[in-house]
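Each residue of the sequence shown is one higher than the one before, counting from 5 in the working numbering.
Ideal Cβ placement from N, Cα and C applies to all residues, glycine included.
Bear in mind the structure is a predicted one, so any value in this text is a computation, not a measurement.
Here is the structure we will look at.
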Amino acid sequence: MAYYTFTKKICAGEPIPVFNYGRMKRDFTYIDDIVNGTVAAIDLEAPCEIFNLGNHCPVSLLSLIQTLEEALGKEAIQEMLPMQTGEVLETFADIEKSQTLLNFHPRVSLQEGILQFVDWFKWYHRVPIYTHYAMKGTISS
């Protein structure tokens with residue numbers, strides 16, 4: 005996923021490719037929300053039903069990068085690039101069926117999920133940078 009690759013490059017001081025100049029929108033969903041939706045689908049015991057799980061709140065690529073920068077306490081080197089052939093401007097999950105049948109409602113915001121991801125990333129890769137940078141601009145431990 006983009007946030008993993010971007011985080012790795014930001015920590016290494018490498019440029020990140022920002023296609024369509026960051027104007028594309030994507031639907032980022034925290035893993036715990038997906039797990040909860042998957043468990044709800046299993047518990048429903050509805051064989052062959054297809055459920056779309058996601059956050060249903062697309063955010064721009066530039067917003068994702070800004071959120072990562074704040075969480076890492078480090079500015080990204082952005083390589084602004086044109087739109088790639090075959091790419092779409094916006095994608096997001098239609099979760100109406102999942103909301104109705106599974107009572108699926110994503111609870112983890114992009115900011116909270118990125119903070120948790122960055123904490124895991126730094127632990128897993130033993131990245132010697134600041135503890136996560138709170139979204140309001142204060143450092144927390």
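Applying the 10 Å Cβ sphere with the 16-neighbour rule, what's the burial state of Tyr8? Exposed, because fewer than 16 other Cβ atoms sit within 10 Å of the Cβ of Tyr8.
Spatial neighbours of Asp159 within its chain, please: C-beta separation below 6 Å, excluding the five flanking residues on both sides. Lying outside 5 to 145, the shown extent of the chain, residue 159 is not represented and no answer is given.
Tell me the residue span of the beta strand (DSSP E) that contains Gln120. Not the beta strand (DSSP E): Gln120 falls in the alpha helix (DSSP H), residues Leu114 to His129.
Can you give the Cα-Cα distance for Lys29 and Glu74, rounded to whole angstroms? 19 Å
Could you have a look at Ile14 and say whether DSSP puts it in helix, strand or coil? Correct three-state label for Ile14: helix.
Beta-carbon contacts of Gly117 that lie in its chain and below 6 Å, excluding the five residues immediately before and after: So the qualifying residues of the chain are Tyr34.
When you compare only the Cα positions, how much space is there between Thr135 and Lys12? Its pLDDT being 46, under 50, Thr135 is placed unreliably by the model, and nothing is read from it.
Whose C-alpha, out of Pro132, Leu48 and Glu18, is nearest the C-alpha of Ser102? Leu48
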